[in-house]
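K.L.:
In the working numbering, the protein residues as written are 23 to 470. Would you mind keeping the following structure in view while I ask a few things?
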Ligand code: TRP
């Protein structure tokens, strides 16, 4: 339980650096490949409004709870609970589940990362292959069949991620995010301007923001709660870890507010861009890898200036994947180095572990005989175990610890000087967020 005394704890150069790094973790594939789809399927306008409510009532309280735990304890996602309770605490199990989740997520994220790299490369050098359905189909197959090539891309993705984290919290993670997140915003604005010139733009806006009550169901509401929680990368201890590098006088509430606003704007903009492209070509909407690697490439080949747009789009996806995976690595690295391991040793052992695990994920999606465990491919098993089991449980415990265990001084008094804000945040943190997360967890475990 001892904190390592070798080096003083890193501190972000400024609040902007922290904000960009946290936004880099939050803005991810979920914003691009999931949000537009679930919004479209659940009737647009009402879903968006309800989603915004979930962002304020569920995502924001959990995010503030995690950052606060990190900032106050100045420790990693596991040890933070013991520091705050001033004794060995069983709450650290929540942090351990978070650390385990980061390792599982990283392992399959690397596979997706390799697909993204491959499509970025193809949009530059093999764009003519996007022109036909067969061409795109073939590209996707080739990527999984050209085993060594795609494993090579996977290694590049892993090494790039670890390389950034190895450079350190400020010189690596902060610098990367301060560069890539403004770059990502520029690309989004460019794509938004471009899509406003396409024929499907107004139809897309209407579809996303018009109020269609019939399509908005109880299932959609749960989907909104679950996604709001997932989109801010809650429940893995990233915000605890990043929060532990925050200066003790930094004001958490406005910072967290800005991060969720950036995340929400990126999701809404992605929705407009993707629906515009889909509607302009009268194509069918899809989600996940199918949207990014099958539907969109075909459409890029049809629209004017498509190659440039394709390159920009895959660059955008590359940025979001890299900034998210960097945040994932920092959680176990901070844990191991606080335990007394040197950062170098922590990084090397994690690098070996992730390379091996991600190799199994890779085998499970590309080998002729997919590697399965409990009836699922290793890739799906890691995905489901983390997103359906570990994330909701630890997110739930983080917010309970923050709300019910931290008493003197009261975090609510410290965080929310305005009495009415404090009253609202007390209700959302103590009642709304934990019950909403519990509902989603039950639904995920029992019904999907
Ligand atoms: N927030 C990411 C997204 O919106 C997904 C995500 C969830 C994530 N948990 C994470 C990313 C942990 C990195 C680390 O796509």
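For each residue, glycine too, the CB sits at the ideal point set by N, CA and C.
Indicate, with yes or no, if the ligand TRP has a heavy atom lying under 7 Å from the CB of residue 430.
P.N.:
Locating residue 430 in the chain shown gives position 408, counting from the first residue. No - the ligand TRP has no heavy atom lying nearer than 7 Å to the Cβ of residue 430.
K.L.:
So, is residue 215 buried or exposed, given that buried needs 16 or more other C-beta atoms within 10 angstroms?
P.N.:
In the chain shown, counting from the first residue as 1, residue 215 sits at position 193. Classification for residue 215: exposed.
K.L.:
Could you spell out the range, first to last residue, of the alpha helix (DSSP H) harbouring residue 385?
P.N.:
Translated into positions along the chain shown, residue 385 becomes position 363. Per DSSP, residue 385 belongs to the alpha helix (DSSP H) from 365 to 388.
K.L.:
Measuring straight from C-alpha to C-alpha, what distance separates residue 26 and residue 431?
P.N.:
The residue given as residue 26 occupies position 4 in the chain shown. The residue given as residue 431 occupies position 409 in the chain shown. Bear in mind that a pLDDT of 46 at residue 26, under 50, signals an unreliable position, so the model cannot answer this.
K.L.:
Would a C-beta distance cut-off of 8 Å place residue 350 and residue 201 closer than the cut-off?
P.N.:
The residue given as residue 350 occupies position 328 in the chain shown. The residue given as residue 201 occupies position 179 in the chain shown. Not in contact: residue 350 and residue 201 (Cβ atoms no closer than 8 Å).
K.L.:
To the nearest angstrom, how far is the alpha carbon of residue 429 from that of residue 321?
P.N.:
Here residue 429 refers to the residue found at position 407 of the chain shown. Here residue 321 refers to the residue found at position 299 of the chain shown. One C-alpha to the other measures close to 55 Å.
K.L.:
Does the beta-carbon distance from residue 62 to residue 307 come in below 8 Å?
P.N.:
Taking the first residue of the chain shown as 1, we reach residue 62 at position 40. Taking the first residue of the chain shown as 1, we reach residue 307 at position 285. Yes, the pair counts as a contact, with Cβ atoms nearer than the cut-off.
K.L.:
Please look up how many angstroms separate the CB atoms of residue 496 and residue 353, rounded, as I've assumed it's under 8 Å.
P.N.:
Limits of the chain in this structure are 23 at one end and 470 at the other, which puts residue 496 out of reach.
K.L.:
My parser needs the beta strand (DSSP E) runs of 3 or more residues fully inside the segment 182 to 250; what are they?
P.N.:
With a minimum length of 3 residues, no continuous beta strand (DSSP E) run stays inside the segment 182 to 250.
K.L.:
Give me whichever residues DSSP pairs with residue 395 in a beta bridge.
P.N.:
Residue 395 sits at position 373 when you count from the first residue of the chain shown. Beta-bridge pairing links residue 395 to 398.
K.L.:
Residue 166: which of 141, 189, 395 and 238 sits nearest, CA to CA?
P.N.:
Looking up residue 166 in the chain shown gives position 144. Closest by alpha carbon: 141.
K.L.:
Using the beta-carbon count (16 or more within 10 Å), is residue 23 buried or exposed?
P.N.:
Within the chain shown, residue 23 is the residue found at index 1, counting from 1. The predicted model places residue 23 with a pLDDT of 42, which falls under 50 and marks its position as unreliable, so this point remains unresolved.
K.L.:
Can residue 425 and residue 263 be called in contact, C-beta distance under 8 Å?
P.N.:
Residue 425 sits at position 403 when you count from the first residue of the chain shown. Residue 263 sits at position 241 when you count from the first residue of the chain shown. No. Outside cutoff.
K.L.:
So, do the segment 95 to 102 and the segment 271 to 278 have three or more beta carbon pairs nearer to each other than 8 Å?
P.N.:
Segments in contact, no.
K.L.:
Should residue 416 be listed as close to the ligand TRP, given that the test is whether its C-beta is under 7 Å from any heavy atom?
P.N.:
Along the chain shown, read from residue 1 onward, the residue named residue 416 stands at position 394. False, no ligand heavy atom lies under 7 Å from that Cβ.
K.L.:
Residues in the same chain with beta-carbon distance under 8 Å from residue 347, minus the five sequence neighbours each way, listed in chain order, please.
P.N.:
As a position in the chain shown, residue 347 is number 325, starting the count at 1. 128, 131, 132, 135, 179 and 183, listed in sequence order.
K.L.:
Measure how close the beta-carbons of residue 472 and residue 80 come, nearest whole angstrom, since I'm counting them as under 8 Å.
P.N.:
No answer is possible for residue 472: the residues shown for the chain start at 23 and end at 470.
K.L.:
Tell me the rounded alpha-carbon separation between residue 235 and residue 105.
P.N.:
Mapped onto the chain shown, residue 235 falls at position 213. Mapped onto the chain shown, residue 105 falls at position 83. Distance between the alpha carbons of residue 235 and residue 105 is about 48 Å.
K.L.:
Taking 7 Å as the cut-off, is the C-beta of residue 52 nearer than that to any heavy atom in the ligand GDP?
P.N.:
Among the ligands modelled here, namely the ligand TRP, the ligand GDP does not occur.
K.L.:
Quick one: does the C-beta of residue 188 sit closer than 7 Å to a heavy atom of the ligand TRP?
P.N.:
Position 166 of the chain shown, counted from the first residue, corresponds to residue 188. Result no, Cβ not under 7 Å from the ligand TRP.
K.L.:
Please determine whether the Cβ atom of residue 253 lies at a distance below 7 Å from any heavy atom of the ligand TRP.
P.N.:
Taking the first residue of the chain shown as 1, we reach residue 253 at position 231. Yes, the ligand TRP has a heavy atom inside 7 Å of this Cβ.
K.L.:
Please classify residue 458: does DSSP put it in a helix, a strand, or coil?
P.N.:
Translated into positions along the chain shown, residue 458 becomes position 436. It is helical.
K.L.:
Only counting the same chain, and skipping five residues up and downstream in sequence, which positions put a Cβ closer than 6 Å to that of residue 463?
P.N.:
Start at 1 with the first residue of the chain shown, and residue 463 comes out as number 441. If we look at residue 463 and ignore the five residues flanking it on each side, its Cβ neighbours are 414.
K.L.:
Is it true that the segment 325 to 339 meets the segment 142 to 161, where meeting means three or more beta-carbon pairs spaced less than 8 Å apart?
P.N.:
With a cut-off of 8 Å, the segment 142 to 161 and the segment 325 to 339 count as touching, because enough Cβ pairs lie within range.
K.L.:
When DSSP labels each residue in this structure, what does residue 66 get in the three-state scheme?
P.N.:
For the purposes of this step, residue 66 is taken as the residue at position 44 of the chain shown. Reduced to three states, the DSSP call for residue 66 is strand.
K.L.:
Would you identify the three-state DSSP class for residue 53, choosing helix, strand or coil?
P.N.:
Numbered from 1 along the chain shown, position 31 holds the residue referred to as residue 53. Three-state result, residue 53: helix.
K.L.:
Tell me, to the nearest whole angstrom, how far the beta carbon of residue 103 is from that of residue 423; I am working on the premise that it is less than 8 Å.
P.N.:
Here residue 103 corresponds to residue number 81 of the chain shown, with the count starting at 1. Here residue 423 corresponds to residue number 401 of the chain shown, with the count starting at 1. Contact flag correct, Cβ pair sits at about 7 Å.
K.L.:
So, using beta-carbon positions, are residue 299 and residue 217 closer together than 8 Å?
P.N.:
Numbered from 1 along the chain shown, position 277 holds the residue referred to as residue 299. Numbered from 1 along the chain shown, position 195 holds the residue referred to as residue 217. Yes.
K.L.:
Using the rule of at least 16 other Cβ atoms within 10 Å of the residue's Cβ for burial, across every protein chain shown, is residue 88 buried or exposed?
P.N.:
Locating residue 88 in the chain shown gives position 66, where the first residue counts as 1. Buried.
K.L.:
For residue 127, is the beta carbon positioned less than 7 Å from some heavy atom of the ligand TRP?
P.N.:
Taking the chain shown and counting its residues from 1, the one referred to as residue 127 is at position 105. Yes, the ligand TRP has a heavy atom inside 7 Å of this Cβ.
K.L.:
So the candidates are 368, 285, 437 and 225; which of them puts its Cα closest to the Cα of residue 294?
P.N.:
For this step, residue 294 is matched to residue 272 along the chain shown. Minimum Cα distance to residue 294 is reached at 225.
K.L.:
Contact defined as beta carbons within less than 8 Å: I believe residue 404 pairs with residue 126. What is the distance between those atoms, to the nearest angstrom?
P.N.:
Looking up residue 404 in the chain shown gives position 382. Looking up residue 126 in the chain shown gives position 104. Right, the Cβ-Cβ distance comes to about 4 Å (below 8 Å), so this counts as a contact.
K.L.:
Return the CA-CA distance between residue 435 and residue 71, expressed in angstroms with no decimal places.
P.N.:
Position 413 of the chain shown holds residue 435. Position 49 of the chain shown holds residue 71. Taking the straight line joining both Cα atoms gives about 29 Å.
K.L.:
If I measure Cβ to Cβ from residue 172 and keep anything under 6 Å in the same chain, skipping five residues before and after, which residues do I get?
P.N.:
On the chain shown, position 150 is the one that residue 172 refers to. If we look at residue 172 and ignore the five residues flanking it on each side, its Cβ neighbours are 136 and 165.
K.L.:
Which residue wins for smallest C-alpha separation from residue 185, given the options 457, 466, 370 and 395?
P.N.:
For the purposes of this step, residue 185 is taken as residue 163 along the chain shown, with counting starting at 1. Answer by Cα proximity: 370.
K.L.:
Identify, in the order they occur along the chain, each residue of the same chain with its Cβ nearer than 7 Å to the Cβ of residue 301, setting aside the five sequence neighbours on each side.
P.N.:
Here residue 301 is taken as the residue at index 279 of the chain shown, counted from 1. Around residue 301: 222, 225 and 226.
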